[in-house]
Amino acid sequence: MTIQEDSSSRNSDVLAAFETEDQPASGGRLEAAIDHLRREWQLYLMLLPMVIWFIVFLYKPMYGLQIAFKDYSIFRGIAGSPWVGLEHFETLFANDQFLRAIKNTVTISALNLLFGFPAPIILALMFNEVLHASYKRTAQTIVYLPHFISSVIIAGIVITAFSPTAGIVNTIMGWFGLDPVYFLTQPEWFRPIFIGTGIWQEAGFGSIVFLAAIAGVNPSLYESAVVDGANRWQMMWKITIPSILPTILIMLIIRIGNIMEVSFELVILLYQPATYETADVVNTWIYRQGLQSGQYDLAAAAGLFNAVVAFILVMTANTLSRRFSRTSLW
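For the sequence shown, the numbering used here assigns the number 14 to the initial residue and increments by one for each residue that follows.
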């Protein structure tokens with residue numbers, strides 16, 4: 014046998030060995046997946062309702078996105094309506110009310126991010142410093158409760174509290190000789206009231222995530238800090254906050270992705286034509302155009318624009334976070 018023939022024979026043997034190993038590996042992965050499914054079928058069964066919910070209410074409606082590019086008529090249906098290209102988007106950006114709604118949405122979200130995002134973090138840090146267990150549980154129950162109250166009731170409480178005739182705010186102002194103020198009919202007051210209401214409703218419940226992150230901090234770090242003479246304030250700044258920073262960044266990325274999603278329910282319950290100047294947001298504009306005016310194609314175009322902006326914001330925030338802090342959603 015020549016050297017060349019011997020080499021060819023060895024190569025054939027090696028190739029055959031690889032092929033022989035590949036087949037069981039592929040079959041082994043399939044068997045492992047089936048075995049895993051058999052062992053964890055209860056978990057997948059629990060997951061099934063949520064998967065169905067996503068398919069029915071999120072993925073299936075995506076078929077209707079083409080309305081944004083059609084001269085849609087409910088009588089002709091989606092398939093029978095003619096294509097108009099980007100005409101609806103041109104109409105949107107030529108509409109002063111829509112541009113105002115974008116401005117209001119971004120402004121309210123920025124204020125909410127500035128004042129509302131730190132609130133649950135601060136609350137979690139404060140709860141972490143409370144040593145009396147029963148007092149801590151009572152305080153947590155009180156601040157968690159507003160989250161479980163419906164937006165309708167929350168709006169009713171706000172409207173009653175700021176009523177110019179019987180509201181507690183104007184009553185207190187009257188004690189100091191001040192004239193009553195029609196807060197909810199004045200554009201300049203809508204944003205402070207809305208932001209404050211949102212913080213009151215969600216800060217407590219939002220602190221749960223950060224409390225869980227704080228609970229995961231290694232206790233030995235605090236013990237070492239005590240030995241070194243650190244006080245509670247120093248431990249919070251040097252140990253607690255740096256330890257929960259990845260959680261803070263993840264929640265910040267999610268929050269940035271929701272910049273275009275101002276609480277629709279609360280806005281529509283609190284605003285009125287007199288406050289459209291500062292209160293009308295993209296979602297309420299879509300509601301009026303789609304359901305009240307019947308311009309479904311224009312409303313679909315606005316909704317698609319909203320979703321695209323949110324996607325870009327999430328991707329940008331996630332990329333920046335991964336680059337500078339090595340913490341990201343994916």
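Virtual Cβ for every residue (Gly too), placed ideally from N, Cα, C.
Model, not experiment: these values are computed from the prediction.
- Below 6 Å CB to CB, which residues in the same chain sit around I212 once its five sequence neighbours on both sides are set aside? Indexing the sequence shown from 1 puts residue 212 at position 199. Excluding sequence positions up to five before and after I212, its CB lies within less than 6 Å of the CB of G129 and A132, all in the same chain and listed in chain order.
- Query: Hey, out of W298, I208, A238 and Y284, whose CA is closest to L105's CA?
  - Reply: Along the sequence shown, one-based indexing puts residue 105 at 92. Closest option to L105, Cα to Cα, is W298.
- Are L279 and I167 close, meaning C-beta to C-beta below 8 Å? Locating residue 279 in the sequence shown gives position 266, counting from the first residue. Locating residue 167 in the sequence shown gives position 154, counting from the first residue. In this structure, L279 places its C-beta atom within 8 Å of the C-beta atom of I167.
- Message: Once DSSP output is grouped into helix, strand and coil, what is the label at Q36?
- Response: The count along the sequence shown starts at 1 and reaches residue 36 at position 23. At Q36 the pLDDT is 46, less than 50, meaning the model places this residue with poor confidence and gives no usable figure here.
- Item | Three or more C-beta pairs below 8 Å linking the stretch 177–197 and the stretch 270–279 | Under the Cβ criterion (8 Å, minimum of three pairs), the stretch 177–197 does not count as touching the stretch 270–279.
- Task: Going by DSSP, name the residue or residues bridged to W96.
- Result: As a first step, residue 96 must be located in the sequence shown, where it is residue number 83. According to DSSP, W96 bridges with K83.
- Okay, do the stretch 72–84 and the stretch 313–320 touch, 3+ Cβ pairs below 8 Å being the bar? yes
- Burial state of D293 (16 or more Cβ within 10 Å): Against the sequence shown, residue 293 aligns to sequence position 280. That one is buried.
- Using a Cβ-Cβ cut-off of 6 Å (strictly less than) and excluding sequence neighbours within five positions of S86, which residues of its own chain qualify? The residue labelled residue 86 in the question sits at position 73 within the sequence shown. For S86, where only same-chain residues beyond five positions count, the Cβ hits under 6 Å are S94.
- For the stretch 136–208, which segments carrying the beta strand (DSSP E) assignment without a break, of at least 3 residues, lie completely within its bounds, in sequence order? Listed in chain order, nothing qualifies, since the stretch 136–208 has no complete beta strand (DSSP E) run of 3 or more residues.
- Message: On the criterion of 16 or more Cβ atoms from any shown chain inside 10 Å, does E220 qualify as buried, or is it exposed?
- Response: For the purposes of this step, residue 220 is taken as the residue at position 207 of the sequence shown. What sits at residue 220 in the sequence shown is Ser, not Glu. Counting Cβ neighbours within 10 Å, S220 comes out buried, since at least 16 surround it.
- Task: Compute the distance between the beta-carbons of N117 and T291, then report whether it is under 8 Å.
- Result: Walking along the sequence shown from the start, residue 117 turns up at place 104. Walking along the sequence shown from the start, residue 291 turns up at place 278. By the CB criterion at 8 Å, N117 and T291 fall inside the cutoff.
- Cβ atoms of F196 and F175: under 8 Å apart, would you say? Here residue 175 is taken as the residue at index 162 of the sequence shown, counted from 1. Here residue 196 is taken as the residue at index 183 of the sequence shown, counted from 1. Contact: yes.
- Which term fits M273, buried or exposed, when burial requires 16 or more other beta carbons within 10 angstroms of its beta carbon? To locate residue 273, count along the sequence shown from 1; it is residue 260. Its Cβ being crowded by 16 or more others within 10 Å, M273 is buried.
- Query: Going by alpha carbons, who is nearest to L234 out of G217, P255, L58 and I281?
  - Reply: The residue labelled residue 234 in the question sits at position 221 within the sequence shown. When only C-alpha atoms are compared, the closest one is P255.
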